[in-house]
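K.L.:
Residue numbers (the numbering used here): 109 to 281.
Dropping the structure here:
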């Protein structure tokens, strides 16, 4: 049984309606985005389900997940912090920014913070070279760019996210 189709029948129908039947494989990226939404990453089952829906192999789906930095194939923190360290950003201090940010949070790149809220990733090109150092945050269904950052301004952003997460948890109790 296709679990993704059972969970999101209306959303999947709407996504597929945007593509001619002979090009349903083009719906793979919107389907990946849908599948990643709830658990925060794309499960092996979701990849299998998407392959079935799109009529492609699970290897093709997995290669798309592996190629794009906006998809995750394992659980990470609630907020995924991506810092670009490509050459133009590095020239504007991104390497130092990343190193100091990790030191201040007490983590290494790819390692979750002690509270499990944040994981910092080093990525190539977020298309904001002229605004480096910068990072983007994936979480709570949003993707937000934070540009012209210092470590202190970045920590203020993360503190605000930490408070937002605490309020959300209180609302569940």
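Even glycine gets a Cβ: it sits at the ideal position worked out from N, Cα and C. For clarity, every value in this text was computed on a predicted model and none was experimentally measured.
Using only alpha-carbon positions, find the residue among 158, 129, 128 that is nearest to residue 111.
P.N.:
Position 3 of the chain shown, counted from the start, is the residue given in the question as residue 111. Answer by Cα proximity: 158.
K.L.:
My parser needs the alpha helix (DSSP H) runs of 4 or more residues fully inside the region 147-180; what are they?
P.N.:
List check, alpha helix (DSSP H) in window: 152-162, 166-175.
K.L.:
When we look at the beta-carbon of residue 258 and count the other beta-carbons within 10 Å, is it buried (16 or more) or exposed?
P.N.:
Working through the chain shown from its first residue, we reach residue 258 at position 150. Residue 258 comes out exposed.
K.L.:
Once the 5 residues before and after residue 218 are set aside, which same chain residues still bring their CB inside 7 Å of it?
P.N.:
One-based indexing of the chain shown puts residue 218 at position 110. Same-chain partners within the cutoff: 227, 229.
K.L.:
Tell me which residue opens and which closes the beta strand (DSSP E) that residue 251 is part of.
P.N.:
If you number the chain shown from 1, residue 251 lands on position 143. Start and end: 250-254.
K.L.:
Quick check for students: name the residue ranges of the alpha helix (DSSP H) that lie wholly in the region 195-232, counting only runs of 4 or more.
P.N.:
Those alpha helix (DSSP H) runs which fall completely within the region 195-232 and span 4+ residues are 195-199, 202-213.
K.L.:
Pick helix, strand or coil for residue 247, following the three-state DSSP scheme.
P.N.:
Sequence index remark: in the chain shown, residue 247 carries index 139 (1-based). Strand.
K.L.:
Which partner residues of residue 190 appear in the DSSP bridge assignment?
P.N.:
In the chain shown, residue 190 corresponds to position 82, counting from 1. According to DSSP, residue 190 bridges with 229, 244.
K.L.:
Checking 8 Å against the spacing of the C-beta atoms, do residue 191 and residue 198 come in under that value?
P.N.:
Here the question's residue 191 lines up with position 83 in the chain shown. Here the question's residue 198 lines up with position 90 in the chain shown. Not a contact, by the Cβ cut-off of 8 Å.
K.L.:
Do the region 123-140 and the region 180-190 touch if we need at least three Cβ pairs shorter than 8 Å?
P.N.:
In short, these stretches do not touch, since the Cβ pair count stays below three.
K.L.:
Does the distance from the C-beta atom of residue 136 to that of residue 166 stay below 8 Å?
P.N.:
The residue labelled residue 136 in the question sits at position 28 within the chain shown. The residue labelled residue 166 in the question sits at position 58 within the chain shown. No, these two residues do not count as a Cβ contact at 8 Å.
K.L.:
Taking 8 Å as the cut-off, decide whether the C-beta atoms of residue 212 and residue 269 are in contact.
P.N.:
Translated into positions along the chain shown, residue 212 becomes position 104. Translated into positions along the chain shown, residue 269 becomes position 161. Not in contact: residue 212 and residue 269 (Cβ atoms no closer than 8 Å).
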